[in-house]
Every structure is written in C-alpha cells, then in structure tokens.
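J.: Dumping the structure here so I can ask a few things about it.
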Amino acid sequence: MISFREMSRDEVERVRELDVSEDGGVLFKQTGEDIEKFKSEWHRPRWDAAKCKSIAEAIISDLESGGVMLGAFEGELLVGVGVLRSRLEESVAELSGLWVSRNHRRRGIARHLASDIFRLAKEDGAREVYVSATASESAVGFYMNQGFRPTDKVNDELFRQEPEDIHMRKAL
215 MISFREMSRD EVERVRELDV SEDGGVLFKQ TGEDIEKFKS EWHRPRWDAA
265 KCKSIAEAII SDLESGGVML GAFEGELLVG VGVLRSRLEE SVAELSGLWV
315 SRNHRRRGIA RHLASDIFRL AKEDGAREVY VSATASESAV GFYMNQGFRP
365 TDKVNDELFR QEPEDIHMRK AL
C-alpha cells in the first residue's frame, strides 16, 4: 500500500532512497512548440552521493521560497517525490521535480503526486504549471498525458540550465 504526505525540510536527504535509474531507446528534441522523436539508446544511472546532494540542495531552495515536497511511501521506504516551486513566474508554478523509484513505476504514483502538485499550485494562485522534462519517451509521454504541451515561451533560467529538456506548460 502506497501512502502520500507532505515532507519536511529535515527529510530532503531521503531522496537517496530513490532508484531513478532508467534505460530507453527513444528521445525527443524540441524546436519551439514542436517536438521530434528520434531513436537513441540512453541510460540514466541511480544517483550517486554528489547528485543526491545537488538534488537535495535544489529542493531546499524551492522549499525556502514557499515550495512543497510531497512523498510517496511504501511502508517507511520513500518510493516517489514531487516538488512544487510555487513562483517560477507571475502566476506560474513549476513542477520542479518528479521521481519514482524504478520498481514502483507504472502504478499511478507519479500521477498521484502530480495531481497533488497541480492542486497545491492552483490553491496558491497559479494559473499555469511549467515543467522542464527529461527528453525521454517515458517522461514526455507522462507529462503530455497530464495535459502539458511543449511551449515556445520557455523560462530563460530553466532553459539555460536544461537546454536539452522538453519545456512544457499546463493550464490549471
């Protein structure tokens, strides 16, 4: 049984419990509002200590600016995380992180976390949610199924950090 709850700043380091490893054979490339699918073998390894520290620092920054971290748990084990950055732009929130452990994918955990993030963003006055998504078929497909669409109105800060990502927006 999976349970969901808001997580505190003191729990951010628990992201190391997640196994974000993934393999694929398809990626996307974005040009404005258009995305193009192409074949490419790729592998994302489980996060090492340095990557976990970097992710934790980014989450803490979001929390310090009024964001929220939600967790999905199987018993005591953290198996999914969703992070809301409440003010990316005026009336635009950011889904700044969404990860589900490899062995817990395709069970509705990401959908549940994302739905809660959308609700919280809307309650906070956001009219849109922005995501800078990994260019994988699984990530892009998931976000498109949640109502996101590629945008040519990219956030400059995120585009500089993640130019290979697929930048999308969803109206709330």
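Residue numbers (my numbering): 215 to 386. The beta-carbon is built from N, C-alpha and C at its ideal position, and this holds for glycine as well. Predicted model only: the values in this text are computed from it and were never measured.
Report buried or exposed for P364, applying the criterion of at least 16 other Cβ atoms within 10 angstroms of its Cβ.
T.: Reading the sequence shown from its first residue, position 150 is the one you call residue 364. By the neighbour-count rule (16 or more Cβ atoms within 10 Å), P364 is buried.
J.: Going by C-alpha to C-alpha distance, which of G246, V368, W313 sits closest to E342?
T.: Residue mapping note: residue 342 aligns to position 128 of the sequence shown, counting from 1. The option with the nearest alpha carbon to E342 is V368.
J.: Classify D379 as buried or exposed, calling it buried when 16 or more other Cβ atoms lie within 10 Å of its own Cβ.
T.: The residue given as residue 379 occupies position 165 in the sequence shown. Counting Cβ neighbours within 10 Å, D379 comes out buried, since at least 16 surround it.
J.: Among G246, V297, H326, which one has its Cα closest to the Cα of S217?
T.: On the sequence shown, position 3 is the one that residue 217 refers to. The residue with the shortest Cα to Cα distance from S217 is H326.
J.: Find out if the Cβ-Cβ distance for the pair G281, G296 is shorter than 8 Å.
T.: Looking up residue 281 in the sequence shown gives position 67. Looking up residue 296 in the sequence shown gives position 82. No, the pair does not count as a contact, with Cβ atoms beyond the cut-off.
J.: Taking the straight line between their C-alpha atoms, what separation do you get for M283 and S254?
T.: Residue 283 sits at position 69 when you count from the first residue of the sequence shown. Residue 254 sits at position 40 when you count from the first residue of the sequence shown. Answer to the nearest angstrom: the Cα atoms are 32 Å apart.
J.: Output the boundary residues of the alpha helix (DSSP H) element that contains A347.
T.: Locating residue 347 in the sequence shown gives position 133, counting from the first residue. Not the alpha helix (DSSP H): A347 falls in the beta strand (DSSP E), residues 342-347.
J.: Could you check which residue in E278, C266, H318, G289 has the C-alpha nearest to that of R299?
T.: For the purposes of this step, residue 299 is taken as the residue at position 85 of the sequence shown. It is E278.
J.: Measuring CA to CA, which of R319, S346, L309, L372 is closest to K336?
T.: Translated into the one-based positions of the sequence shown, residue 336 becomes position 122. Considering only alpha carbons, the answer is L309.
J.: By Cβ distance, which residues of its chain are closer than 7 Å to E250, with the 5 residues on each side in sequence left out?
T.: Position 36 of the sequence shown holds residue 250. Taken in chain order, the residues that qualify are F242, K243.
J.: Thinking just about the alpha-carbon of each residue, which of S352, G238, A328 is nearest to the one in Y344?
T.: Numbered from its first residue, the sequence shown carries residue 344 at position 130. Comparing Cα positions, the closest option is A328.
J.: Can you pull the DSSP bridge partners for P364?
T.: Taking the sequence shown and counting its residues from 1, the one referred to as residue 364 is at position 150. DSSP lists M382 as partners of P364.
J.: Identify every run of the beta strand (DSSP E) within the region 226-310, keeping only runs that are complete inside it and at least 3 residues long; order them along the chain.
T.: Segments of the beta strand (DSSP E) lying fully in the region 226-310: 236-245, 248-258, 282-288, 291-303.
J.: Near E227, which residues of its chain fall below 7 Å by C-beta distance, leaving aside the five closest residues on each side in sequence?
T.: As a first step, residue 227 must be located in the sequence shown, where it is residue number 13. The answer, listed in chain order, is A270.
J.: When the distance is taken between beta carbons, is I331 closer than 8 Å to V174?
T.: In this structure the chain extends from 215 to 386, so residue 174 is not present and cannot be described.
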